[in-house]
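**Q** Counting in my numbering, the sequence shown runs from 799 upward without gaps.
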Amino acid sequence: MHYGLIMECDYRYGSSQEDAFDEAFAMSDAAEKGGLDGVWLAERHFAAPRNPLDGLGAGIPSVVSAPLIISAAIVARTERLRVGVAVNVLPLNHPVRMAEEIATLDQISHGRVDFGVGRSGFMRAYEGYDIPYTESRERFQENLEIILAAWTNERFSYEGKHYTFNDVCVIPKPYQDPHPPLRMAATTKETFPQVGKLGYPIFVGLRGLDRPDLALLLDDYRKAWKDAGHAGEGNVFLRIPIFVGATQEKAYTDAEESTMRSYRRMAQAFAASASNTGATPDEDRAKRGEALAAVTYDDLIRDRLAYGSPEGVISQLRLITEELGLSGIVAETNVGGLIPREKVVESINLFCQEVVPALR
């Protein structure tokens, strides 16, 4: 069972971008010292402070536009912690360059890299890179094929719609054989069986889903996995907001404003992406946006979060692990970015010192 942290490298109002990097490194140091298995970085582009989306505040600024560079700094200051990106947005990256950089990171870390991949459902980054979101699926597939070919062949050639390579030798090759463990994100109902059919470990979350809905989608993933003849039942990591306080009441109170702000922001982001021509009706983003706009804090606590005292969070995570058949839990420790740093640090320490040891 894997226990880790997800880091979006937000920076709070009144703090600097330098502070955001320092806080990210402090979190990775705490994860190493606290015995967690890994940290995962988001990939976010053009995440500057912007006008309020609703009455709960502005969008959350972030400095994690170059997660592989931050990952290199983390592996240089740690000894055993695994580092991954959840996720590398493949359509926005050149596949050969990404193959080179991840292989280099894997080499200098002596095999401590995980390769999380996805295409992202939000348009801001695609607009900034001048890539049509309508091309995101085909670019994702093409880029993934190229990266894997670069790692697993001494030399390779490829002819696709967006990229063509002739007799290319990518050096270095990854430290891990044949390559860093690949984990694919899934957020839409059609993606779950696709990932299962391919036989890839999966990365899921509860931002746009509640637990019963996610359980049904994971059934689809496992059925496709089995039907394709893969051994075992798949491998599932869950990204979930976790906040641990001295008491249940304190945890709920300390995290409420920031959490609700985040979900209101996500509701509008889903709605905006649904109106883009690249989002198909099957993705149902408009409905997810409507559901998030109406959700209450009690709803979130019941189905989408693990907040409370150490004992309460232990109980919740045991239940969630059993319900969803998890292989890993990745904690999002400051949903919304408004929880004061000292309270986030206290929560991470309680998670490392009391929650995770009880679950292992």
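Glycine included, every Cβ here is placed at the ideal spot set by N, Cα and C.
1) Go to Asn964, then tell me how far its beta strand (DSSP E) extends in each direction, as first and last residue.
2) In three-state terms, what does DSSP make of Pro1155?
3) Just the Cα atoms here: how many angstroms apart are Gly916 and Glu1140?
4) Give the DSSP bridge partners of Leu839, in chain order.
5) Quickly, what does DSSP pair Arg878 with across the bridge? List them, please.
6) Is Glu933 near the ligand NAD, judged by its Cβ being under 8 angstroms from some heavy atom?
7) Buried or exposed for Ser955, going by 16 or more other Cβ atoms inside 10 Å?
8) Measure the beta-carbon distance from Leu1004 to Ile1038 and round it to whole angstroms, keeping in mind my assumption that it falls under 8 angstroms.
9) Among Glu1152, Pro999, Val1042 and Pro991, which has the Cα closest to the Cα of Leu1124?
10) Which residues mark the beginning and the end of the alpha helix (DSSP H) in which Gly926 is found?
11) Please list, in chain order, all residues of the same chain as Ile929 whose beta carbon is under 8 angstroms from its beta carbon, the five residues on each side excluded.
12) Taking 8 angstroms as the cut-off, does the region 981-990 touch the region 961-973 (at least 3 CB pairs, one atom from each stretch)?
13) Have a look at Glu877, Asp1101 and Val1128 and flag the residue whose alpha-carbon is nearest the alpha-carbon of Leu1117.
14) Have a look at His843, Asp817 and Thr1057 and flag the residue whose alpha-carbon is nearest the alpha-carbon of Val885.
15) Would you call Val1154 buried or exposed, if buried means 16 or more other Cβ atoms sit within 10 Å of its Cβ?
16) Pick out whichever of Pro847, Glu841 and Ile858 has its Cα sitting closest to the Cα of Leu866.
17) Pull up the distance between the alpha-carbon of Gly833 and that of Ala1065, whole angstroms please.
18) Leaving out five residues on either side along the sequence, give the residues of the same chain with a beta carbon under 8 angstroms from the beta carbon of Asp1018.
19) Provide the residue(s) that pair with Met982 in DSSP beta bridges, ordered along the chain.
20) Going by C-alpha distance, which of Met896, Met825, Gly919 and Gly802 is nearest Arg880?
**A** According to the structure data:
1) Thr962 to Val966
2) helix
3) 32 angstroms
4) Met805 and Val883
5) The partner list for Arg878 (beta bridge, DSSP) is empty, contrary to what the question assumes.
6) The model depicted lacks the ligand NAD and carries no ligand whatsoever.
7) exposed
8) 6 angstroms
9) Pro999
10) Arg922 to Tyr927
11) Pro889, Leu890 and Arg937
12) no
13) Asp1101
14) His843
15) buried
16) Glu841
17) 35 angstroms
18) Lys987, Phe990, Pro991 and Gly994
19) Val915 and Ile1000
20) Gly802
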